[in-house]
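Residue numbers for the sequence shown follow the numbering used here, beginning at 11 and rising by one. Every residue gets a Cβ at the ideal spot worked out from N, C-alpha and C, and that includes glycine. Notes to accompany the following structure.
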Amino acid sequence: MGFTLKLTNRSRHGLKKLPSTIELADDATIESTKKQIARSTGTSDFNRIGIFDPVSKKTIKDCNAFVRDQEPVMKHGEIVVKDLGMLSLH
């Protein structure tokens, strides 16, 4: 069936074209959510997208975790998103 979550920019300047909500499948992972957000915002690399806990504001690092298992995200119905910029491989 799926579920809908509100999307919020973490920074003032944030991602351009970030939709206000996102429709996710029941089995959506953090990684698949990042890919979906990258597609909708025109971001070329989904690894630039950071997904944060709406309560603690800490990044959700486990890309294989199911979104539905993230209690603060589901309780508040919100994902906080930030463009992390180009990742350096030094």
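Reference residue i; option with closest CA among the options
i	options	result
aspartate 72	Pro82, Ser66 and Ile40	Ile40
threonine 51	Gly12, Leu17 and His86	Leu17
proline 29	Gly95, Gly12, Val90 and Leu94	Val90
aspartate 55	Leu25, Val65 and Met96	Met96
leucine 25	Arg78, Val83 and Arg49	Arg49
serine 66	Asp79, Val83, Val77 and Thr53	Val83
Residue i versus residue j - alpha carbon distance
i	j	result
arginine 58	lysine 45	10 Å
alanine 75	alanine 38	9 Å
leucine 34	serine 21	23 Å
threonine 14	leucine 94	24 Å
phenylalanine 62	lysine 68	5 Å
Could you tell me which whole beta strand (DSSP E) segments of length 3 or greater appear in the region 16 to 85?
31 to 34 and 59 to 62
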